[in-house]
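Our numbering puts the first residue of the sequence shown at 9, with every later residue one more than the last. Note that CB positions come from ideal geometry on N, CA and C, so glycine has one too. Worksheet for the structure shown next.
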Amino acid sequence: MKPELDLERAKKVGTKTMDEIWIQGGRSLKGTVSCGGSKNATLPILAAVLLAEGRYRLTNVPHLMDVTTMVKMLGRFGVTSERPDTHTMVIDTRQQQNAEAPYDLVKTMRASIYVLGPLLARYGEARVSLPGGCAWGPRPVDLHIKGLEALGARVDIDHGYIAAYAPDGLRGGTISFDVSSVGATGNVLMAAVTAAGETVIENAACEPEIDALATFLTAMGARIEGIGQARLVVHGVHDLHPADAAMIPDRIEAGTLLAAAAITGGDVEVTDVNPAHLGAVLTKFESAGASLERSDTSVRLRAPERPLPMKVITQPYPGFPTDMQAQFMALLSVADGASTIADTIYHDRFTHVAELQRLGADIRVEGNTAFIRGAESLSGAPVMATDLRASAALILAGLVAGGETRVSRVYHLDRGYERLEAKLAALGASIRRVRP
Ligand code: EPZ
Numbered sequence: 009m010k011p012e013l014d015l016e017r018a019k020k021v022g023t024k025t026m027d028e029i030w031i032q033g034g035r036s037l038k039g040t041v042s043c044g045g046s047k048n049a050t051l052p053i054l055a056a057v058l059l060a061e062g063r064y065r066l067t068n069v070p071h072l073m074d075v076t077t078m079v080k081m082l083g084r085f086g087v088t089s090e091r092p093d094t095h096t097m098v099i100d101t102r103q104q105q106n107a108e109a110p111y112d113l114v115k116t117m118r119a120s121i122y123v124l125g126p127l128l129a130r131y132g133e134a135r136v137s138l139p140g141g142c143a144w145g146p147r148p149v150d151l152h153i154k155g156l157e158a159l160g161a162r163v164d165i166d167h168g169y170i171a172a173y174a175p176d177g178l179r180g181g182t183i184s185f186d187v188s189s190v191g192a193t194g195n196v197l198m199a200a201v202t203a204a205g206e207t208v209i210e211n212a213a214c215e216p217e218i219d220a221l222a223t224f225l226t227a228m229g230a231r232i233e234g235i236g237q238a239r240l241v242v243h244g245v246h247d248l249h250p251a252d253a254a255m256i257p258d259r260i261e262a263g264t265l266l267a268a269a270a271i272t273g274g275d276v277e278v279t280d281v282n283p284a285h286l287g288a289v290l291t292k293f294e295s296a297g298a299s300l301e302r303s304d305t306s307v308r309l310r311a312p313e314r315p316l317p318m319k320v321i322t323q324p325y326p327g328f329p330t331d332m333q334a335q336f337m338a339l340l341s342v343a344d345g346a347s348t349i350a351d352t353i354y355h356d357r358f359t360h361v362a363e364l365q366r367l368g369a370d371i372r373v374e375g376n377t378a379f380i381r382g383a384e385s386l387s388g389a390p391v392m393a394t395d396l397r398a399s400a401a402l403i404l405a406g407l408v409a410g411g412e413t414r415v416s417r418v419y420h421l422d423r424g425y426e427r428l429e430a431k432l433a434a435l436g437a438s439i440r441r442v443r444p
């Protein structure tokens with residue numbers, strides 16, 4: 009077996025590293041671990057820099073493949089960036105020009121669609137590849153398009169591209185989303201901030217990452233009322249200017265680290281988090297029998313001997329997040345009883361089920377609901393990651409499975425977690441990254 013791969017070298021090589029993560033289960037995690045900056049706040053904020061010329065300084069930026077992909081996308085528009093340190097990014101848009109967001113990049117990361125609103129607002133036209141599907145099914149963009157049309161844009165779909173035009177500039181309008189959409193809310197918000205007149209967005213997503221985007225836009229000179237609420241009112245302004253910002257903590261990484269404590273009967277404090285962003289998730293950890301201690305910036309979880317079963321239903325924020333669904337499926341796979349998990353956001357986000365079953369989990373899926381009978385124990389096996397949060401779920405299950413679990417295709421994990429295996433190892437897990 010080759011020596012442990014130098015991930016930084018692999019990232020520099022830029023290959024889709026076929027690393028694996030090997031875990032010897034059975035260790036209880038103990039100690040303190042820091043949570044990184046939010047991937048899902050960083051991505052729209054990086055797109056927002058396209059709105060104004062100048063230099064931006066972003067801190068607490070996570071070092072992740074999706075962030076690297078977004079920076080590469082910005083590079084297509086002449087935007088340059090440097091990292092004075094691992095988690096700081098200086099962005100320069102003074103040489104920016106309009107260009108097409110190409111399929112080869114957009115297909116690797118759906119969030120690339122966030123450049124659509126800013127490009128249209130800045131240049132009066134934008135051409136962005138349709139994102140295509142993802143591991144668990146189609147990912148429509150109809151709400152993004154309807155939102156931009158409500159601001160006066162003409163939007164065509166041709167040859168797999170979204171072609172949006174607003175030659176006379178965007179004008180304020182009213183958008184009432186029938187489905188709460190994080191991405192569509194972000195895109196429309198970025199398009200509306202310099203539209204002529206007032207824009208009202210009803211049933212806007214209230215995720216903390218959208219609040220962070222709205223706060224960043226306000227720092228750039230935008231006028232937005234109702235931040236944090238489902239009704240946003242935007243008063244268009246003529247000019248925006250660069251701003252600096254610190255990324256909010258990544259609530260999903262925090263939830264994943266706490267789930268690692270919960271599934272191993274451990275005692276872990278996660279720092280540099282905002283507990284207020286984790287309300288529904290913390291409630292569910294308490295339903296599982298965990299005891300929690302909260303401060304303004306940390307959560308400590310003391311796990312029960314064995315998790316209690318429960319009913320989970322994913323909802324838009326502040327409900328239980330779909331991005332924690334897979335991780336809780338791993339946790340409930342060893343609960344003392346029968347649980348159900350219904351995903352109302354993505355009805356088919358269950359590609360992790362078959363892999364968890366290889367570890368001995370007793371899960372049956374009907375429609376958008378998984379029925380889980382908690383097993384006394386899981387047994388280690390080779391499994392394959394299929395998407396970002398599924399990767400995390402398999403690692404969590406490996407922490408508690410008897411023997412060795414080998415998770416392959418961890419490039420999915422690297423999209424949204426920074427050195428997760430190192431953080432878990434520091435808490436006592438027997439886990440390491442290897443190249444097969
Ligand atoms: C964001 O994706 C997140 N990604 C996802 O996290 C997260 O799962 C999702 O929001 C839901 O919370 C980023 O923030 C980069 P949506 P997004 O638009 O914006 C439907 C992760 O693990 N919909 O809120 O693409 C859609 O099919 C990722 O970090 C339409 O019908 O999600 C879904 O059922 C995975 N038409 C629902 O809305 C549209 O035009 C919510 O999707 C757009 C969405």
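Nearest to residue i by CA position, among the options, is which residue?
{"i": "Q237", "options": "I218, F224, T226", "result": "I218"}
{"i": "S399", "options": "F185, L435, R417, R231", "result": "R417"}
{"i": "E108", "options": "I165, T50, F85, M337", "result": "F85"}
{"i": "T223", "options": "T207, E210, V208, M198", "result": "M198"}
{"i": "P148", "options": "V187, D176, G181", "result": "V187"}
{"i": "A220", "options": "G244, N211, V190, P312", "result": "V190"}
{"i": "I353", "options": "A334, A369, S306", "result": "A334"}
{"i": "Y173", "options": "T67, S303, L128", "result": "L128"}
{"i": "L428", "options": "D166, L404, E412", "result": "L404"}
{"i": "D1", "options": "I209, R65, L386, A437", "result": "With the chain represented from 9 up to 444, any question about residue 1 goes unanswered, as that position is not in the structure."}
{"i": "M228", "options": "G168, A56, T207", "result": "A56"}
{"i": "A346", "options": "P126, H246, A296", "result": "A296"}
{"i": "I52", "options": "R179, H243, P216", "result": "For the record, residue 52 in the displayed sequence is Pro; it is not Ile. That would be P216, whose Cα lies nearest to the Cα of P52."}
{"i": "A200", "options": "V163, I170, H243, T330", "result": "H243"}
Quick check: the Cα distance between residue i and residue j, rounded to an integer number of angstroms?
{"i": "A161", "j": "A134", "result": "10 Å"}
{"i": "L339", "j": "A350", "result": "15 Å"}
{"i": "V442", "j": "Q32", "result": "14 Å"}
{"i": "A383", "j": "A409", "result": "11 Å"}
{"i": "L159", "j": "E28", "result": "46 Å"}
{"i": "L13", "j": "A433", "result": "Since pLDDT at L13 reaches only 44, below the 50 mark, its modelled position is unreliable, and no value is offered."}
{"i": "L35", "j": "T101", "result": "The amino acid occupying residue 35 in the given sequence is Arg; Leu does not appear at that position. Each residue's alpha carbon lies about 48 Å from the other."}
{"i": "E277", "j": "L367", "result": "28 Å"}
{"i": "G74", "j": "E363", "result": "First, the residue type needs correcting, since residue 74 is Asp and not Gly in the sequence shown. Rounded to the nearest angstrom, the two C-alpha atoms are 24 Å apart."}
{"i": "D258", "j": "D280", "result": "9 Å"}
{"i": "G424", "j": "H95", "result": "14 Å"}
{"i": "A230", "j": "L248", "result": "7 Å"}
{"i": "I439", "j": "E374", "result": "33 Å"}
{"i": "K20", "j": "A204", "result": "The predicted model places K20 with a pLDDT of 44, which falls under 50 and marks its position as unreliable, so this point remains unresolved."}
{"i": "G62", "j": "P250", "result": "6 Å"}
{"i": "P175", "j": "G132", "result": "5 Å"}
{"i": "G181", "j": "K47", "result": "30 Å"}
{"i": "M97", "j": "A430", "result": "23 Å"}
{"i": "V241", "j": "T226", "result": "12 Å"}
{"i": "I256", "j": "Y325", "result": "16 Å"}
{"i": "K319", "j": "M78", "result": "36 Å"}
{"i": "P110", "j": "T322", "result": "33 Å"}
{"i": "T359", "j": "E157", "result": "34 Å"}
{"i": "Q105", "j": "V114", "result": "18 Å"}
Run through the DSSP bridge pairs and tell me what residue i is partnered with.
{"i": "Q32", "result": "E412, S438"}
{"i": "I183", "result": "I209"}
{"i": "R239", "result": "E210"}
{"i": "T40", "result": "E277"}
{"i": "V320", "result": "I349"}
{"i": "Y64", "result": "I99"}
{"i": "L300", "result": "L309"}
{"i": "S387", "result": "G410"}
{"i": "M81", "result": "BP columns for M81 are empty, so no partner."}
Report yes if the C-beta of residue i is less than 7 Å from at least one heavy atom of the ligand EPZ; otherwise report no.
{"i": "G424", "result": "yes"}
{"i": "V190", "result": "yes"}
{"i": "N48", "result": "yes"}
{"i": "D150", "result": "yes"}
{"i": "Y419", "result": "no"}
{"i": "R397", "result": "yes"}
{"i": "P257", "result": "no"}
{"i": "L316", "result": "no"}
{"i": "R381", "result": "no"}
{"i": "E217", "result": "yes"}
{"i": "R7", "result": "No information on residue 7 is available, as it lies outside the stretch 9 to 444 that the chain covers here."}
{"i": "A213", "result": "yes"}
{"i": "V69", "result": "no"}
{"i": "Y354", "result": "yes"}
{"i": "I260", "result": "yes"}
{"i": "V136", "result": "no"}
{"i": "P126", "result": "no"}
Could you confirm whether any beta carbon from chain C is found closer than 8 Å to the beta carbon of residue i?
{"i": "A346", "result": "Among the chains in the structure shown there is no chain C, since it carries only a single protein chain."}
Problem set entry | Residue ranges of each beta strand (DSSP E) within the stretch 88 to 149, 3 or longer | 88 to 93, 96 to 100, 133 to 137
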